[in-house]
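Per UniProt numbering, the very first residue in the sequence shown carries number 1; after that it's consecutive.
Notes follow the structure.
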Amino acid sequence: WWNVKHPAKYASLLANGESPEAGREVLTGEDRHLERIMLELRLAEGLPLDALDDAGLRESSVAADEGLLDPGSLRDGRAVLTDRGRLLADAVVRRLAA
């Protein structure tokens with residue numbers, strides 16, 4: 001969910017005992033899977049490879065060969081972006097999630 005944007009409106013709703021919620025989004029299983037890849041891949045410890053399907057695992061090896069993922073981390077069971085991979089993180093996510 002997300003809250004109303006204007007601070008005065010937010011405060012007014014709370015003062016009246018009302019929710020400041022402006023809207024919400026319900027994610028599908030596929031959406032949650034993509035969100036996990038997008039978020040965890042950007043962490044220093046990376047994404048566990050067991051979060052990827054077979055196609056994603058194949059792409060992770062190709063991405064490592066291209067210098068986008070750290071090969072040593074792949075051997076340790078995690079996908080960790082290299083400096084180059086961080087610059088192209090959105091493209092790496094699309095490849096791993098496809």
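By construction, the Cβ of each residue, glycine as well, lies at the ideal position given by its N, Cα and C atoms.
This structure is a prediction, so every number in the text was calculated from the model and none was measured.
| request: Can you have a look at residue 8 and say buried or exposed, based on whether 16 or more other CB atoms are within 10 angstroms of its CB? | output: Taking the sequence shown and counting its residues from 1, the one referred to as residue 8 is at position 8. It is exposed - the Cβ of residue 8 has fewer than 16 other Cβ atoms within 10 Å.
| Any idea what DSSP makes of residue 34, helix, strand or coil? | Indexing the sequence shown from 1 puts residue 34 at position 34. Residue 34: helix per DSSP, three-state reduction.
| What is the DSSP secondary structure of residue 40, counted as helix, strand or coil? | If you number the sequence shown from 1, residue 40 lands on position 40. If DSSP states are grouped into helix, strand and coil, residue 40 belongs with the helices.
| field | Span separating the alpha-carbon of residue 46 from that of residue 40 | value | For the purposes of this step, residue 46 is taken as residue 46 along the sequence shown, with counting starting at 1. For the purposes of this step, residue 40 is taken as residue 40 along the sequence shown, with counting starting at 1. Roughly 6 Å between the two C-alpha positions.
| query | Less than 7 Å separating the beta-carbons of residue 21 and residue 1? | reply | Along the sequence shown, read from residue 1 onward, the residue named residue 21 stands at position 21. Along the sequence shown, read from residue 1 onward, the residue named residue 1 stands at position 1. It is a contact, given that the beta carbons lie within the stated cut-off.
| field | Three-state secondary structure assigned by DSSP to residue 20 | value | Taking the sequence shown and counting its residues from 1, one reaches residue 20 at position 20. It is coil, neither helix nor strand.
| task | Go through its chain and collect everything with a Cβ distance to residue 81's Cβ below 8 Å, but skip five positions before and after it. | result | On the sequence shown, position 81 is the one that residue 81 refers to. Same-chain partners within the cutoff: 41, 42, 46, 68, 69, 70, 89, 92.
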